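Letter 471 of the sequence shown, counting from 1, is numbered 774 in the numbering used here, and no numbers are missing. For glycine and all other residues, C-beta sits at the position ideal for the given N, C-alpha and C. Everything numeric in this text was worked out from a predicted model, so none of it was measured.
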Amino acid sequence: MNLKEMVKLADDMVFAKTGKHLNDLQEKILRGTWQHEDYNEIAKDVNLSEARVREVGMELWQSLSQELGEKVSKSNFRSAMERLQISIFSKNFAPQQDCVQISCVNNYCGEAKNLTNTPNSTQSKEQTSNSKQTKTSHQDLSEMQELGDFFDRTHELQTLTTWILQQHCRLITLTGISGIGKTTLAVQLVKQIKDEFEYAVWCNIDASHTLDEFQHKLIQFFSQSEKLDSSPTNPKRLPLIKYLQNHRCLVVLDDIHNLFCSGELAGKYKPEYEEYRSLFKQIEKLSHQSCFLLIGWEQPREVTQFKNPNTPIRTLQLKGLDIAAGREILRDYGLEESDNSEALIHRYQGNPLWLKSVGNLIQELGIGVTELLLDDTILLPEDLKDVLQQQFDRTSELEKQVMSLLATENQPVNLANLLQNGQISSSDLLNALQSLSRRCLIEKEGSFYTLSLVLKQYIKTRRSHLTNIDNE
Ligand SMILES: Nc1ncnc2c1ncn2[C@@H]1O[C@H](COP(=O)(O)OP(=O)(O)O)[C@@H](O)[C@H]1O
Ligand SMILES: [Mg+2]
Numbered sequence: 304m305n306l307k308e309m310v311k312l313a314d315d316m317v318f319a320k321t322g323k324h325l326n327d328l329q330e331k332i333l334r335g336t337w338q339h340e341d342y343n344e345i346a347k348d349v350n351l352s353e354a355r356v357r358e359v360g361m362e363l364w365q366s367l368s369q370e371l372g373e374k375v376s377k378s379n380f381r382s383a384m385e386r387l388q389i390s391i392f393s394k395n396f397a398p399q400q401d402c403v404q405i406s407c408v409n410n411y412c413g414e415a416k417n418l419t420n421t422p423n424s425t426q427s428k429e430q431t432s433n434s435k436q437t438k439t440s441h442q443d444l445s446e447m448q449e450l451g452d453f454f455d456r457t458h459e460l461q462t463l464t465t466w467i468l469q470q471h472c473r474l475i476t477l478t479g480i481s482g483i484g485k486t487t488l489a490v491q492l493v494k495q496i497k498d499e500f501e502y503a504v505w506c507n508i509d510a511s512h513t514l515d516e517f518q519h520k521l522i523q524f525f526s527q528s529e530k531l532d533s534s535p536t537n538p539k540r541l542p543l544i545k546y547l548q549n550h551r552c553l554v555v556l557d558d559i560h561n562l563f564c565s566g567e568l569a570g571k572y573k574p575e576y577e578e579y580r581s582l583f584k585q586i587e588k589l590s591h592q593s594c595f596l597l598i599g600w601e602q603p604r605e606v607t608q609f610k611n612p613n614t615p616i617r618t619l620q621l622k623g624l625d626i627a628a629g630r631e632i633l634r635d636y637g638l639e640e641s642d643n644s645e646a647l648i649h650r651y652q653g654n655p656l657w658l659k660s661v662g663n664l665i666q667e668l669g670i671g672v673t674e675l676l677l678d679d680t681i682l683l684p685e686d687l688k689d690v691l692q693q694q695f696d697r698t699s700e701l702e703k704q705v706m707s708l709l710a711t712e713n714q715p716v717n718l719a720n721l722l723q724n725g726q727i728s729s730s731d732l733l734n735a736l737q738s739l740s741r742r743c744l745i746e747k748e749g750s751f752y753t754l755s756l757v758l759k760q761y762i763k764t765r766r767s768h769l770t771n772i773d774n775e
């Protein structure tokens, strides 16, 4: 989105909300914000006091928040607008088109208004549903969590939307370390694209979801909805794949790591869930018009990490939030203005859950970020340790050994050095490295491997805890 498109889109929104177009000052604030200027710089530009500019800015963010149905502020304005653009793109996207222009922003008033929750949007919702009369959408999103604040992730949403709507990928895995924001991203994605599907369903894989139960649940959902559509016949239950072939369905499975064994290299099915392998294989290999999105700490072993454009499978490994979004997370703890907030966000890798945990502790202790960052000690609140432990406990002995080795190193270590260590055979070592990198527990730079500071600290803390227990 360029500057002009942004102003046009924002103007449409403000006009829809207030019946007035943007005035000069409002437009200057939007332009300045888009170009990462702070209030002070914008104020100098327009020859007004910073306080006045801030005040007008706040009113503007409020109007935009109401229109967009999410909290918009100076720091997330740009990503919120970019997300809106993707949304408009996915809503305007006609599957039969081979090539789609992303800049559909001028259609805001007609199409994208159904994103908002304001009374003003009622008329546009009707317009939108009228224009989408060709298919009925059935949704069971009762297991999908509600979306709270949402920052950043424009690029990821764009990628996933393209894979699903444009490239018709059939099986997508979304992986990443605990708390990085996988579920949240998927919720936002589903909200944006669900109307493109005849069926959309979200299932959390908990400990008791055998394939039979899962298929039964899905088939029931599909066939019940069919009954509603085509009474009075008595529809015969078909195998799951038939529904996926006959209809365009979006199926999201969250927490799929629950399908896999603990204490083994990543992605090995538990014996009772082994049958999921053939389901996923069918979804990949057979021709159909549906998409499965699998979310979790681990992905099935047979799903490769590398994108092959000739296959309908994709993997997205989610990384941390950007600095602006990290600051937004810290805002809840009054830490966003701190001089060192950027260093704090880097140290906790933009992981929103980790940042919330640390923000909470800092706030409770009443200390400052600067004090916290004075030495190299990494603060690990207890709830953060619990989260890390859950993932650490799932790793195999071999992986724990490799992590322990890496935890003692100050610099990234290359493969040759790890092999020289001699404790682990080369094939075991390679398998362990592959598994750890799939779990996002190690970082890879070329042929060098390293652990994040947080994980290093966790492993050291754990080791000293175990030593203390042994000495007792
Ligand atoms: N893009 C985001 N913007 C704001 N908060 C986020 C974002 N992504 C995640 N969070 C917050 O971080 C925490 C962890 O997110 P979650 O999606 O549950 O992570 P995961 O599924 O990867 O374990 C939640 O409290 C969530 O609200
Ligand atoms: Mg999750």
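Those residues whose C-beta sits under 7 Å from the nearest heavy atom of ligand 2 are, from N- to C-terminal order along the chain, Lys485, Thr486, Asp557, Asp558 and Ile598. If you look at isoleucine 616, you'll find it isn't in any alpha helix (DSSP H); it sits in the beta strand (DSSP E) that goes 616-620. About 20 Å separates the CB atoms of arginine 741 and isoleucine 586; that is not less than 8 Å, and the two are not in contact. Between methionine 706 and leucine 658 the beta-carbon gap is near 23 Å, outside 8 Å, which marks them as no contact. Taking all protein chains in view, the Cβ of glutamate 631 is crowded by 16 or more other Cβ atoms within 10 Å, so the residue is classified as buried. For leucine 363, same chain residues with a beta-carbon under 8 Å away, outside a window of 5 residues either side, are Val317, Gln329, Ile332 and Leu333 in chain order. For glutamate 700, the enclosing alpha helix (DSSP H) begins and ends at 700-710. Threonine 476 sits in a strand when the DSSP states are folded into three classes. The beta carbons of serine 368 and lysine 374 sit closer together than 8 Å. For lysine 610, the secondary structure class from DSSP, reduced to helix, strand or coil, is coil. Histidine 458 is classed as exposed because its beta carbon has fewer than 16 other beta carbons within 10 Å across all chains shown. Scanning its chain for C-beta atoms nearer than 8 Å, with the 5 sequence neighbours on each side dropped, one finds around threonine 764 the residues Leu683 and Lys688, in chain order.
By the criterion of a C-beta distance shorter than 7 Å, isoleucine 559 is surrounded in its chain by Ile508, Leu597, Ile598 and Gly599, once the five residues flanking it on both sides are discounted. Here DSSP, grouped into helix, strand and coil, assigns threonine 753 to strand. Counting along the chain, no alpha helix (DSSP H) covers asparagine 507; the unbroken beta strand (DSSP E) around it starts and ends at 502-507. Counting other Cβ atoms within 10 Å of its Cβ, asparagine 654 reaches 16 or more and is therefore classed as buried.
Under the Cβ criterion (8 Å, minimum of three pairs), the segment 601-615 counts as touching the segment 555-571. Not one heavy atom of ligand 1 falls within 7 Å of the beta-carbon of arginine 741. The three-state reading of DSSP puts isoleucine 345 in helix, counting H, G and I together. Histidine 441 sits buried, since 16 or more C-beta atoms from the chains shown fall within 10 Å of its C-beta.
Between ligand 1 and isoleucine 483, a heavy atom-to-CB distance of less than 7 Å is present. In the displayed model, lysine 377 falls within coil according to three-state DSSP, outside both helix and strand. The segment 635-649 makes no contact with the segment 493-506, as fewer than three CB pairs between them are under 8 Å.
Classified as buried, isoleucine 480 has 16 or more neighbouring CB atoms from the shown chains inside 10 Å of its CB. Secondary-structure assignment with DSSP links cysteine 552 through a beta bridge to Tyr502.
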